[in-house]
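The structure appears right after this line, and notes come after that.
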Amino acid sequence: MKVLVTGAAGFIGYHLAARLISSGETVVGIDSINDYYDTNIKYDRLAEQGIQKDEVCYNHLTKSLTSPQYSFMQLKLEDKNNLNTLFEEQQFDVVVNLAAQAGVRYSLTNSQAYIDSNIIGFTNILECSRYHQIKHLVYASSSSIYGLNENIPFSTSQNVDHPISLYAASKKSNELMAHVYSHLFKIPTTGLRFFTVYGPWGRPDMAYYSFTKSILEGKPIQVFNNGNMARDFTYVDDIVEGVVRVINNPPHGNAVWNSKQQDPSSSPAPYKIYNIGNNAPVKLLDFIVTIEEELGIEAKKEFLPIQPGDVPITYADVSDLVADLGYKPNTSIKTGIREFIKWYKDYYKV
1380 MKVLVTGAAG FIGYHLAARL ISSGETVVGI DSINDYYDTN IKYDRLAEQG IQKDEVCYNH
1440 LTKSLTSPQY SFMQLKLEDK NNLNTLFEEQ QFDVVVNLAA QAGVRYSLTN SQAYIDSNII
1500 GFTNILECSR YHQIKHLVYA SSSSIYGLNE NIPFSTSQNV DHPISLYAAS KKSNELMAHV
1560 YSHLFKIPTT GLRFFTVYGP WGRPDMAYYS FTKSILEGKP IQVFNNGNMA RDFTYVDDIV
1620 EGVVRVINNP PHGNAVWNSK QQDPSSSPAP YKIYNIGNNA PVKLLDFIVT IEEELGIEAK
1680 KEFLPIQPGD VPITYADVSD LVADLGYKPN TSIKTGIREF IKWYKDYYKV
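With my numbering, the residue at position 38 of the sequence shown is 1417, and numbering never jumps.
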């Protein structure tokens, strides 16, 4: 296959591209390389795959020095004309759209970034997929989409009409838009609701990353909702395994879908939604203890109220993933945090 991975200089995109390359697929990665967080780590991820920083320039395809089947281009999803040209020239089989403006709290003060990347950009991906006969569009959604839903665990069969951040609303919009294109133009689309992804080469804005940094520097960590939070932390390798299995299993439409008893996660169209989570929420304070134990340092803690846009708990029901693909994430927090901290110490020369 020839696969387009958007957000390829990002956390999950980097790991997915590496996995696909190692499997012998031909991969083209694109990324805007914006400054939402330190761009140095984005360029370092690319360097790991043979794409040197001084070779990266906007709208120019650069071949990897170490992986002959990998190429990278700096490109924004909002750049419709150049995105369409890329699709036309490369003739992709599959698109995995991981590019998005991330972050719940950032969306409270920088709303336009989410409209540009997550709505306009995703529209451009859909249009290019439509006109260039893409065989399967896989795209990242988010656990934040569950919003005010308090039915635990979160199931794809539940209503998700009450998001509480613009980020979550943009992801809900992506799912609705994808369904329209699946219905009208028969494009197989699969949306993946990721649950709190962590691991090596992660995002510096994520809590586990900033906790590790602050603890090592002897600075207090901010513990929101006074520690009364729980997250379904999912190790990045488990996420990538789920994405790869989904890529190879495009939806064909639910032949027994009932409009009177609607399943929001499927449709008569070639459309499907899955949760990808560890199916085992961990209390925030227990998560911090795991980091402390791996570092051998006790954290100084500053307890704060819950922040706007945050939800108290996330918990993934992955029964669809198990039933359809025979897969369930299973990396323990202890194992995952050990791997992250080992990488962190090596990367920052701690």
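A virtual CB, placed ideally from N, CA and C, is assigned to each residue, including glycine.
CA-to-CA, the gap between Q1453 and K1432 works out to about 11 angstroms. Here Q1491 carries a helix assignment [DSSP, helix/strand/coil].
Between W1636 and P1647, the C-beta spacing is below 9 angstroms. Taking one beta carbon from each stretch, the region 1388-1406 and the region 1549-1569 have fewer than 3 pairs nearer than 8 angstroms; the two do not touch.
A residue is called buried when at least 16 other Cβ atoms come within 10 angstroms of its Cβ; N1657 meets this threshold and is buried. In the three-state reduction of the DSSP assignment, Y1706 falls in the coil class, being assigned neither a helical nor a strand state. Distance from the Cα of M1380 is smallest, within the candidate group A1387, V1407 and G1389, for V1407. Between Q1469 and Y1415, the gap from beta carbon to beta carbon reaches 9 angstroms or more. Annotation: the continuous alpha helix (DSSP H) that includes R1717 extends over I1712 to Y1726.
Between the region 1577-1585 and the region 1541-1549, the count of C-beta pairs closer than 8 angstroms stays below three; the two stretches do not touch. Annotation: the continuous beta strand (DSSP E) that includes Y1650 extends over Y1650 to I1655. Annotation for T1669: I1712, K1713 and I1716 place their beta carbon closer than 7 angstroms to its own, counting only its chain and skipping 5 residues before and after. Distance from the Cα of S1520 is smallest, within the candidate group K1680, T1405 and M1556, for M1556.
With at least 16 other beta carbons inside 10 angstroms of its own, T1591 counts as buried. Three or more Cβ pairs drawn from the region 1649-1666 and the region 1615-1635 lie within less than 8 angstroms of each other, which places the two stretches in contact. Under DSSP, the beta-bridge partners assigned to Q1601 are E1681.
Our two residues, V1382 and V1475, have alpha carbons roughly 7 angstroms apart in a direct line. DSSP places T1405 inside the beta strand (DSSP E), whose first and last residues are T1405 to D1410. The bridge partners DSSP lists for G1570 are Y1518 and I1652.
As DSSP reads the structure, A1695 sits in a beta bridge with F1533. Taken through DSSP and simplified to helix, strand or coil, Y1416 comes out as coil. P1687 is classed as exposed because its beta carbon has fewer than 16 other beta carbons within 10 Å across all chains shown. For Q1453, the enclosing beta strand (DSSP E) starts and ends at Y1449 to Q1453. Beta-bridge pairing by DSSP links K1662 to A1609. The beta carbons of D1689 and N1605 sit no closer together than 9 angstroms. DSSP lists T1385 and Y1518 as the bridge partner or partners of N1476.
For I1626, the enclosing alpha helix (DSSP H) begins and ends at V1615 to I1626. Residue pairing of T1441 in beta bridges, as defined by DSSP: F1451. Going by beta carbons, K1514 and P1567 fall inside the 9 angstroms limit.
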